[in-house]
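Basically my numbering = 1-based index in the sequence shown + 1188. All C-beta atoms, glycine included, are put in the ideal place defined by N, C-alpha and C.
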Amino acid sequence: MLSARHCSGRWGGRSGIRKRKTPGGIFTSEWVGLKYFKEFFTDYRFGELLRNTIAISTLKMVFAFPVPIILAILISECHNKFFKKTVQTVSYLPNFISWVLVYGISSALFAQNNGVLNQLLVNAGIISKGIPLLTDPDYFWGMTVVLSIWKSSGWWAIIFLAAISGIDSTLYEAARIDGAGRLKRIWHITLPGIKGAIVTVLILSIGSFLGGGMVGSNFEQSFLMGNTVNNAASEIIQTYAFKMGMAQGRFSYATAVDLIQSLISIILVIISNQVAKKVSGEGLF
């Protein structure tokens, strides 16, 4: 039997106790300075990630931003109430469909071997074999833009429809009496009347430019539709940070990458707001 003194020396004594290190936190973690920022900027995939992120966001901004405005004007110019309500309802319903379900629908429609579109084209003799719309890197950017427009345009058109409804109807009557056609009324009354809404949505879209802007999340699209085949075109900063943090457990590094994106977004909001105030006289602040 061990003596009490021996036990005290081994387990209960002061010299025998091993202190556990307190886990690091915000105030106790080691300060590494700009280590992770430098690592990201010197990463061999940095150029590719930046290119994909900017390219997808730019394509969405150029092609998707005007669509809700045009759709809202077309709906407002329609005088058939039943057709008008039907188009408006059908156009904004896709906004309530999750990107997971959108990917499932696009797989059923555009899959290379058994997709509905490819089967129709092959059976019609237009093509000899299916087109890899979901796997070929050359088609990825175009597919993201098309799906984003389909999913989000109807929802954003509601904002512009609300702005159009606030325009004084007597302006249209006076213009019609003066002989102004429909296109002239749209150009000189409708568009100036919704200028404030357009500027506001544009600034918000530029602020979330790297995230996809007004027509959907780049992250969800790239994460769901990206694969090993089209990785060269689908991998963006958001998916890269997610994989670094969740898959590899490098939370500090992933946080630094996301912080860079947040800082860029803030700078874009400030710049776009100042430009909008100088050009149109309107801005968010």
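query, result
"Contact the stretch 1330–1350 vs the stretch 1380–1391: 3+ CB pairs below 8 Å", "yes"
"Cβ pair count under 8 Å reaching 3, the stretch 1328–1346 against the stretch 1242–1251", "yes"
"Residue span of the alpha helix (DSSP H) that contains T1256, given as start and end", "Checking the sequence, you will find Pro at residue 1256 rather than Thr. Start and end: P1254 to E1265."
"DSSP three-state assignment for W1219, whether helix, strand or coil", "coil"
"Residue burial classification, I1454 (beta-carbon count within 10 angstroms, cutoff 16)", "exposed"
"Cβ-Cβ distance between L1412 and Y1291 below 8 Å", "yes"
"Assigned exposure category for P1256 - 16 Cβ within 10 Å defines buried", "buried"
"Sequence ranges, alpha helix (DSSP H) only - wholly within the stretch 1361–1397, length at least 4", "1370–1373 and 1383–1395"
"Close beta carbons around P1282, own chain, < 7 Å, minus the five adjacent residues each side", "W1338, K1339 and G1342"
"8 Å Cβ shell around K1223 - same chain, five flanking residues per side excluded", "none"
"Cβ pair count under 8 Å reaching 3, the stretch 1222–1238 against the stretch 1435–1447", "yes"
"Distance between beta carbons of G1318 and G1303, contact taken as under 8 Å", "7 Å"
"DSSP three-state assignment for I1355, whether helix, strand or coil", "coil"
"Alpha-carbon spacing of A1435 relative to N1240, whole angstroms", "21 Å"
"C-alpha gap between A1368 and K1465, whole angstroms", "30 Å"
"Top-ranked residue by Cα proximity to F1234, from V1467, G1469, T1427 and I1458", "T1427"
"Alpha carbon of L1289 to alpha carbon of S1295, nearest angstrom", "10 Å"
"Distance between G1414 and E1236 (C-alpha atoms, nearest Å)", "14 Å"
"6 Å CB neighbourhood of F1298 in its chain, flanking five on each side removed", "L1305, L1321 and L1322"
"Closest residue to S1396 among K1431, A1429, L1371 and S1460 (Cα-Cα distance)", "S1460"
"Member of I1355, V1278, T1358 and S1410 whose CA lies at the smallest distance from the CA of A1421", "S1410"
"Assigned exposure category for I1163 - 16 Cβ within 10 Å defines buried", "One cannot answer for residue 1163 here, as it falls past the ends of the chain, which runs 1189 to 1473."
"Simplified DSSP state of S1286, which is helix, strand or coil", "coil"
"Beta-carbon proximity check, F1253 vs S1405, cutoff 8 Å", "no"
"Cut-off 7 Å between Cβ atoms - residues of its own chain near Q1449, not counting five sequence neighbours on either side", "L1398 and I1425"
"Assigned secondary structure, K1273 (DSSP; H/G/I helix, E/B strand, else coil)", "helix"
"Helix, strand or coil at E1423 according to DSSP, with G and I counted as helix", "coil"
"Straight-line Cα distance separating F1251 from A1429", "27 Å"
"Where F1473 falls: helix, strand or coil (DSSP)", "coil"
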